[in-house]
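Numbering (our numbering), first residue to last: 69 to 470.
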Amino acid sequence: MDLEFSAEDEAYRAKLKVWLAENLGGGKGSVNELMKSATEGGNKDPLAGARVWPRKLWEAGYVGLAWPKAYGGQDASFTEQVICAEELAKARTPPMINTIGLSIIGPTLVQHGTEEQKKRFLPRILRADDLWCQGFSEPEAGSDLASLRCRAELDGDSFVVTGQKVWTSLAPISDWMFLLTRSDPDAPKREGISYLLCDMKTPGITVRPLRNAAGGMHFSEVFLDQVRIPRENLVGELHGGWKIARSSLDHERSGLSGVLALEETLGRLWRMASQIDRGGEKAVEGPTTRRLLAQHWIEIEGLRHLGYRTLSDQIAGAAPGAGSSVGKLFASDLRSRMARTGLRIEGPLAQVAKRSPHVIDRGRWHAAYFDALGHAIGGGTSEIMRGVIAEKVLGLPRATED
Ligand SMILES: Cc1cc2nc3c(=O)[nH]c(=O)nc-3n(C[C@H](O)[C@H](O)[C@H](O)COP(=O)(O)OP(=O)(O)OC[C@H]3O[C@@H](n4cnc5c(N)ncnc54)[C@H](O)[C@@H]3O)c2cc1C
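Spelled out as structure tokens, the structure:
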């Protein structure tokens, strides 16, 4: 494993930094100005402002770096992809509204889609023309995903799909959903699943937003009643969707370690601790706070190097495998402990409501604590990650057979 970036890589980084400096900020032609003008003048698309940044980034060649040029990607190296992610995080750029497309279904289609599917969907994901949601979980099928029951029956040239999905992030604003369906109820449970792509405007779909413990409405229930999905929207083989689902989950988990976001969180903790007075000294001078911040720094560095290891594997041609579960597990635990450090630095004022004049850091750590609970569940729970690591990474025998 070589941890140094090459001279070409560093030149690429320098060019990107210049581009970011020229395009962020508040001046004429800046992203902020473009986002503002996109939402003015009666634009019918409520997400027009949110699409500005992903589009600008794509036009400049900084999205879909590892995807083939034929489908709007850059055919760039994984190293450039990592440099790009690092610099974008450091520059605190606007959010990417098309993340699920870019990080889960896009890479899945690059790997398993038909030529028509790649041409049709990949460029639209890159340009944030289409937003996607993930219809995997069901009320009785979360960790045990292969128990899913949403039924797909072939009828001529289309599947007729009836069932329910749950915890579907961003469903109300999504144009498309990739979903797992039970296409052969008589086959063993992993052999009767088909992976489909569904236009969210198809008749028979009802989306009902759910409120989470932190008060947000990030995910929804999705009901499908006799929804017709053309057969050409099948990914992979008929009844062969489990293999494709595994690949999607590996891509999802490899994107969830979020080392750059954790680094940003550590900076915020440090800044808050440098401002809060504790009996005549700043909180950051207290030994417990210093020890916790140093520990978090060490763990983030560990996670970063774990990411570089995955990167080395990807450069060598491997798709992200079960090893991505290690990063996902470690990062969600660290995220939770960092939120608790934030609450601890705030002291008793951590309990103050967001809108109170006494609130510290706009109640960020309170929200971060609840968000961290969700991160330890979404994309596969921590218990499931431990099972995957035991079996697939350490080669231990399965705990139970099913
Ligand atoms: C923020 C967030 C966003 C999400 N977004 C999406 C989305 O966009 N699309 C989507 O399809 N799903 C999404 N999910 C759903 C998520 O994938 C499931 O919640 C998750 O897989 C767990 O399933 P479950 O909720 O049914 O819990 P269950 O599977 O019922 O698990 C309950 C508890 O039992 C434990 N458990 C279960 N089986 C085992 C086992 N074999 N060994 C040890 N412990 C076990 C679990 O770890 C957990 O603690 C999201 C969830 C969250 C929190």
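No residue lacks a Cβ here, since even glycine has one placed at the ideal position from N, Cα and C.
| Check | Outcome |
| --- | --- |
| Tell me, please, whether the region 99 to 114 touches the region 149 to 156 by the rule of three or more beta-carbon pairs shorter than 8 Å. | no |
| Quick one: any contact between the region 236 to 249 and the region 286 to 297, if contact means 3 or more CB pairs under 8 Å? | yes |
| Less than 8 Å between the beta carbons of VAL427 and ALA436, yes or no? | no |
| Mind the definition here: the region 190 to 200 touches the region 120 to 132 only if three or more C-beta pairs lie below 8 Å; say whether that holds. | yes |
| At a cut of 8 Å, does the region 329 to 339 reach the region 263 to 278 through at least three beta carbon pairs? | no |
| State the Cα-Cα distance for the pair LEU302 and HIS180, rounded to the nearest angstrom. | 11 Å |
| Let me know the beta strand (DSSP E) ranges lying completely inside the region 281 to 368, each 3 residues or longer, listed in chain order. | 287 to 298 |
| Alpha carbon to alpha carbon, how far is GLN142 from GLN185? | 18 Å |
| I need the boundaries of the alpha helix (DSSP H) containing PRO191, first residue and last residue. | 183 to 194 |
| Assign TYR437 to one of three DSSP states: helix, strand, or coil. | helix |
| Would you list the one or two residues that DSSP bridges to SER237? | PHE287 |
| Could you check if LEU88 is buried or exposed, using at least 16 other CB atoms within 10 Å of its CB as the buried criterion? | buried |
| Cβ-heavy atom distance between CYS201 and ligand 1 below 7 Å? | yes |
| Kindly confirm or deny that the region 294 to 309 and the region 220 to 236 touch, where touching means at least three C-beta pairs closer than 8 Å. | yes |
| Just reading off the beta strand (DSSP E) that MET245 is part of, what are its end residues? | 244 to 250 |
| Please classify ARG276 as buried or exposed, where buried requires at least 16 neighbouring CB atoms within 10 angstroms. | exposed |
| Quick one: Cα of LEU190 to Cα of GLN202, how far? | 16 Å |
| Taking 7 Å as the cut-off, does the CB of PHE438 come closer than this to any heavy atom belonging to ligand 1? | no |
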